[in-house]
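Per numbering that gives the first Met the number 0, the sequence shown starts with residue 0, numbered consecutively. Every residue, glycine too, gets a C-beta built ideally from N, C-alpha and C. Nothing here was measured: the structure is a model prediction, and the numbers come from that model. The structure appears below as structure tokens.
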Amino acid sequence: MLKFFRALKVFGLIAGASFAIDILLSLFNHGRLGIAVMMAGAALAAIFWWRVMTSAPGDVRSGIRDVEEDAAYLKGLALGFDPEQYINLKKGVFIGLDGKRKPIYLPRQTLDKNHLEILGESGVGKSSLAGVLLSQLAASGEAVVVFDPKPDEMLPGVLARMGEKHGFPVLVIDLRHTASFPQINPFHSCRPDQVEELLQVALELGKTGDAGVDFYRGGDREATSWIAEAVAADPARSMQDIITAAGADELVTEKENLWRELRQLGRVKAFATREQGIDLAALLEEDGGVVLYVMGSTTKLEVAAAQKLLLQRLLQVLEDRRDKSKPVCLFLDELKYLLSPAALRAAGTIRDRNSHLMFAHQSLGDLDDCPGLSPKAVRGAIWGNSGIKFAYKMLDSATALELSRLAGAQRADVQTMSSSQNDNGGSTNTSWTHASREFMPPHVFSHLPKPVGDQASVGVVFGLGTAFFLSTRWLQAGQTPEPLRVEKPAAPTVSLDAESHQEEPEAQAEQVGADSLDDLLK
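So this is what it looks like as structure tokens:
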């Protein structure tokens, strides 16, 4: 009904103007011209009346508007398209289509200078956007490292196919038990302090604020320094060497939790080598784009520990690299399974090393669910430090409300009408007041469409001016590359004191060679 009256108003204004012109021309003896103007005005008024009556809903602007009308508009933005036809690195990095179906390009420097945050429930298109962005960054010469604790079915294949097209390699490390062969030695060429830090991150030995817990963790952290010193002389020390050295020290093995968790970490076969495998320093420094894709797990604790360890090793390499001219992008999917205190600290300083982060998670609740980390600190480092945000469909009301606040408000003119009855009849008073209304109310985020079939994903972009709608879609996927294989581990070079073997026969029973590591890990 509101649309009908709006159309009638437009019709009346145009028809009235043409009638007034007709009267004016008649006064100057131009009657025929006046009739022509009036007929043209009537036709124009009819056209505008029809356009207003049949127009689609406009952009979502106010929580006062009808939810069904907003949902219908958002559904119209999910029309499928081929993102590859819009990719043109000369124009910039293509991110998607806006609400008017126009392609949006960003300068690569805009992405490199900001951390990016992608929010939304499972299956809404977070990985499709990541595939579009990451493939273009790698094609532009960046080093892209992806940590995927819940390996996506399509993203590795998308990056591999785009690598073949644009000429950048895609390397894969699979930490899961299904890939039961050696792939990389994260301890290769590490300093003792770096080995110590890697073990503390993997075994989650950071401070918690609980005095009782921190007391025992303090002893475990001290033990990691003993282990690191025991293997300091061997630059090619492996996970197997570290466990063997730890088993030779009764001061370590008596710390039951540390010793147990260390042996569990040793079950990750991807680390079971003295060979370097992928040279992370060269990967992050040498010219040319490249993608390193790390597959992990959200359920296997030892694999989750391994992915945190490998992430920390990458941060160490970024800290030490001499040539910082090559940009690096780290994409952390399912963020809460990857964060550690050390990684959280790095989030605030990594841009100084010509590197930037891309985070993906489902809601703000994920930032409160990072074990061993303060929720306030995580929110500050991730939510408060991400200059560009992409928000997709979510049913979490707290996150939707926060996003609505982030979008801001706009001024609105509100009409107030009141009726009164007296002896002389009824009267109506009308007044207008200025008010503010939500630019994007919370219900917008719960009604963003979830893509089905060939439909596009629809989200909202923050941090690039006024918040706006964005449609994205999957690039075509190719075949996922196989993980890199390296040699079987050689015998450990850590020497054990023979006298201590004779003096401590019980400790000797705990010491084993490389050939019997499987027995040690039981």
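Exercise. Taking the DSSP output, what are the residues bridged to K388?
Worked result: E116 and F461
For this session: Go to H393, then tell me how far its beta strand (DSSP E) extends in each direction, as first and last residue.
Result: Rather than His, the amino acid found at residue 393 in this sequence is Met. Here M393 belongs to no beta strand (DSSP E), and DSSP marks it neither H nor E.
Problem set entry | Closest by C-alpha distance to L279, when choosing among K299, Q306, R266 and L317 | L317
Problem set entry | For M294, three-class secondary structure by DSSP | strand
Problem set entry | Cα-Cα separation, D248 to P191 | 17 Å
For this session: Using a threshold of 8 Å, state whether the C-beta atoms of S385 and H114 are closer than that.
Result: yes
Exercise. Once you ignore the five residues that flank E284 on each side, which residues in its own chain have a CB closer than 7 Å to its CB?
Worked result: R320, D322 and K325
For this session: Quick one: grab the DSSP three-state call for V230.
Result: coil
For this session: Report the partner residues of V102 according to the DSSP bridge assignment.
Result: The question names Val, yet the displayed sequence has Pro at residue 102. Answer by DSSP bridge pairing, in chain order: L96.
Exercise. In three-state DSSP terms, what is L170?
Worked result: strand
Exercise. Skipping 5 residues on each side, what residues in its chain have a beta carbon closer than 6 Å to that of D111?
Worked result: P326 and H355
Problem set entry | Limits of the unbroken beta strand (DSSP E) element including F146 | A142 to D147
Problem set entry | Those runs of the alpha helix (DSSP H) which lie wholly inside the segment 270-345 and span at least 4 residues | 279-284 and 300-319
Exercise. Among D365, V443 and K375, which has the Cα closest to the Cα of L400?
Worked result: V443
Exercise. Any chance the segment 153-166 sits against the segment 339-352, with 3 or more Cβ pairs inside 8 Å?
Worked result: no
Problem set entry | Where the alpha helix (DSSP H) containing T109 begins and where it ends | R107 to D111
Problem set entry | For Q361 and S121, believed in contact at Cβ under 8 Å, the rounded distance | 7 Å
For this session: Return the CA-CA distance between L202 and D147, expressed in angstroms with no decimal places.
Result: 20 Å
Exercise. Roughly how many angstroms separate the alpha carbons of G57 and V459, rounded to a whole number?
Worked result: Since pLDDT at G57 reaches only 46, below the 50 mark, its modelled position is unreliable, and the value read off the structure follows with that caveat. Taking the straight line from one Cα to the other gives about 16 Å.
Exercise. Taking the Cβ atom as the reference point for each residue, do V251 and A227 lie within a distance shorter than 8 Å?
Worked result: no
For this session: Can you have a look at Y215 and say buried or exposed, based on whether 16 or more other CB atoms are within 10 angstroms of its CB?
Result: exposed
Exercise. Is it the case that the Cβ atoms of P168 and V92 are separated by a distance below 8 Å?
Worked result: no
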